[in-house]
Amino acid sequence: MYIVILAGGGGTRLRPLSRPDRPKPFLPLLGDETLFQRTVRRVAPLVGPDDVFCVADRRHAQLAEEQEPRVRLLVEPSARNTAAAIALASAAIDRPEDEVMVVLPADHWIRDEDAFRGVLRDAERELAHGALGVEQPLVTLGVRVDRPATEYGYLIPEVDRVRTTGLTAYPLRAFEEKPTAERAAELLGARGVAWNAGMFLWTRAAIRAVLDRYTGLLAPIGGALAAGRGLAAAYERIEPRSIDVAVMESATRDGLVLMGSMDVGWSDLGSWTALLGALDGAGGPGDAAVVGRVVEAGTELITGGEDLLVRFRDGRLVAEEVGEGRIVADAVWAHLAGARRLGPEIRALLERVERQGSRP
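Below is the structure:
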């Protein structure tokens, strides 16, 4: 088994903390480690030091190398979304065709890391022994749904065909994009439905076969790598597409995809509310799971509630109790101040601020 970590992004989530030159994976949002470093540490007990790879585009390659110099780095000439990144890894990493590749985002949060490693071990074992009942299957990991979330995509399995040995796996029936609130409420009550975590396992042969079948990405990327030149030109001609759109949806229709179910305390940390919830659950700064005020450059955007100041300082988020009244913004980018209870009106205000964005 070897691990491929996808690190990058446009720096548009969690602004103004994240920026194009330092997106979310490279920020220390949950302690002293960056999310990328934590992802590397999370998988370290599973594989040897030569079995962890990172794909990053040239804007972020130096950050990745500085933060984890032992990880084997694959540099994209430009960002072309996850299908191209996975194609590059599939072409560049020379491993046996039957070895299992694990693909993980660099910036997600896992509360129960032991359980998560157990899921990966079970999936790897069953892929290696052909125990999942599908020839060269693609496994996508889904997270147990516990609320009607509209911010995640959903995986809809064929629940009557469950395979439970070490890994609870279902043939996947469909991907469903971020739903409306009404549809999310329906999905909450549906058996086996899971959030799409963007994590995958497959053999090298399996992913190369479907990349050839559905995308045509391997030929130009592999040709450029073999020639030692032309990768940037090949990338310029690649349409940016996610692996879900480019491969997984078609492979699902062709019966090649299985959903592995997990319940490990997962979050993609894709919003302020998700980040603050993870901070709280991680034993992070104080009661930072709830927000009452957001302050940027001295301007109050949201007011109300008791105040807990969360500031980004010296490379990490720290929390401080503050008194009533105006909060002076003196952090690097922005402050968050929290009430003890996160009501729906505060959630709505946070969403408004996220839509408005902030300057880096």
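Here the numbering used here = 1-based position in the sequence shown + 72.
Built from N, CA and C at the ideal position, the CB exists for glycine as well.
Keep in mind that this is a model prediction, so the values were computed, not measured.
Which residues in the same chain as Asp-170 place their Cβ atom closer than 6 angstroms to its Cβ, once the five residues preceding and following it in sequence are excluded?
Thr-275
Rounded C-alpha distance that separates Val-217 from Glu-321
20 angstroms
Based on DSSP bridge pairs, tell me the residues matched to Gly-332.
Per DSSP, Leu-213, Ala-241.
How is the beta strand (DSSP E) around Pro-229 delimited, first residue to last?
226-229
Kindly indicate the opening and closing residues of the beta strand (DSSP E) around Ala-79.
Where Ala-79 is concerned, there is no enclosing beta strand (DSSP E), given that its DSSP letter is neither H nor E.
Identify the residues that DSSP records as bridge partners of Val-147: which are they?
Ala-128
Could you give the first and the last residue of the continuous alpha helix (DSSP H) run that contains Ala-155?
153-164
Considering only residues of the same chain and omitting the five flanking positions on each side of Ile-315, which have a CB-CB separation below 6 angstroms?
Around Ile-315: Thr-154, Ala-155, Ile-158.
Tell me, to the nearest whole angstrom, how far the beta carbon of Phe-272 is from that of Thr-212; I am working on the premise that it is less than 8 angstroms.
That pair is a contact at about 5 angstroms.
Looking at the secondary structure, which residues open and close the alpha helix (DSSP H) in which Ala-221 lies?
Ala-221 -> no alpha helix (DSSP H), and no H or E assigned at all.
Determine whether the beta carbon atoms of Leu-239 and Ala-195 lie at a separation below 8 angstroms.
yes
Since Ala-269 is in the beta strand (DSSP E), which residue starts that stretch and which ends it?
266-275
Short of 7 angstroms in beta carbon distance, which residues of its chain neighbour Arg-233, apart from the five on each side in sequence? Order them along the chain.
Tyr-242, Pro-243
Residues that DSSP places opposite Val-175 in a beta bridge
According to DSSP, Val-175 bridges with Val-76, Phe-272.
Span separating the alpha-carbon of Ile-293 from that of Arg-167
17 angstroms
Would you call the region 76-85 and the region 94-107 in contact, with 3 or more CB pairs under 8 angstroms?
yes
Where Arg-142 falls: helix, strand or coil (DSSP):
coil
Under a three-way DSSP split, which group does Arg-91 fall into?
Of the three classes helix, strand and coil, the one that applies to Arg-91 here is strand, per DSSP.
Any idea if Asp-122 is buried or exposed, counting beta-carbon neighbours within 10 angstroms, 16 or more meaning buried?
exposed
Span of the alpha helix (DSSP H), counted from its first residue to its last, around Arg-310
According to the sequence provided, residue 310 is Ile. The question's Arg does not apply to it. Unbroken run through Ile-310: none, as it is neither H nor E.
Name the two residues that bound the continuous alpha helix (DSSP H) containing Thr-287.
First-last for Thr-287: undefined, no H or E at that position.
Closest by C-alpha distance to Leu-176, when choosing among Ala-269, Gly-288, Val-231, Gly-261:
Ala-269
Between which two residues does the alpha helix (DSSP H) harbouring Glu-258 extend?
253-260
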